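Residue numbering for the sequence shown follows this note's numbering, beginning at 3 and increasing consecutively.
Quick reminder that beta carbons are idealized off the backbone N, C-alpha and C, glycines included.
If you're wondering where the values come from, they're calculated on a predicted model, not measured in any experiment.
Scroll down for the structure; my scribbles are underneath it.
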Amino acid sequence: MIKLRVVITIFITLSLVSCDDTQVFDEYQTVSDTWEMDEKIDFSLPKLDSTQTYNLYINIRNTNLYKYSNLFLISKMKFPNGKVITDTLEYQMALPDGTWMGTGFSDLKENKLWYKENVKFVEDGAYNITIEHAMRKNGEVDGVYSLEGITDVGFRIEYVQNP
Numbered sequence: 003m004i005k006l007r008v009v010i011t012i013f014i015t016l017s018l019v020s021c022d023d024t025q026v027f028d029e030y031q032t033v034s035d036t037w038e039m040d041e042k043i044d045f046s047l048p049k050l051d052s053t054q055t056y057n058l059y060i061n062i063r064n065t066n067l068y069k070y071s072n073l074f075l076i077s078k079m080k081f082p083n084g085k086v087i088t089d090t091l092e093y094q095m096a097l098p099d100g101t102w103m104g105t106g107f108s109d110l111k112e113n114k115l116w117y118k119e120n121v122k123f124v125e126d127g128a129y130n131i132t133i134e135h136a137m138r139k140n141g142e143v144d145g146v147y148s149l150e151g152i153t154d155v156g157f158r159i160e161y162v163q164n165p
């Protein structure tokens, strides 16, 4: 009887801790062995409440094979009316001493990167997000075609938390 109570208590505790009431959308796509320059990652967003305000994130999982301390991305948000907003983004992936930023216990690190904050989706219809890398070596015009060490690209939407 005591073992059953312990098991039930642990189960309830884990269930409560794993709840994430800010999450609206959280999806990952695995990239091939290397993330090719022309490989675009697409996310179709679910229908969102036009009265709510959201924070948007790009999630990146990388391994020790990633050779750079930063990451340049090009994101495109396509609205239902056809309008497209394109952003060129730079994120720091490692500290100056080479220590990876992000979370994770092994050589796989997960980075939750700010994309946009306090966003409202007021147009009715489908929204689409496209993400591609735009890495270049210092002093070179041509980009890095095959980017090693990025395993997954994700997109996350959360409700804005009022203090």
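Asked, Found
"Proximal residues to residue 161 (C-beta, below 7 Å), its chain only, five neighbours per side dropped", "24, 26, 54, 56"
"Whole-angstrom distance between residue 76 and residue 156, CA atom to CA atom", "14 Å"
"Inside the segment 19 to 79 only - beta strand (DSSP E) runs reaching at least 3 residues", "25 to 32, 36 to 38, 43 to 46, 56 to 64"
"Local Cβ density within 10 Å of residue 170, reported as buried at 16 or more and exposed below that", "Because residue 170 is not part of the residues shown, which for the chain are 3 to 165, the question remains open."
"Spatial distance of residue 96 from residue 119 (CA atoms)", "23 Å"
"Near the ligand GDP: residue 129 beta-carbon under 7 Å from a heavy atom", "In the structure shown, the ligand GDP is absent, as is every other ligand, since no ligand is present at all."
"Nearest neighbour of residue 113, chosen from 90, 137, 152, 82 [CA to CA]", "152"
"Option nearest residue 41 by Cα separation, candidates 143, 150, 135", "135"
"Under 8 Å between C-beta atoms of residue 82 and residue 129", "yes"
"Coil, strand or helix - residue 164 by DSSP", "coil"
"8 Å contact criterion, which residue 144 and residue 63 should meet: CB distance rounded", "Residue 144 to residue 63, Cβ: 26 Å. No contact."
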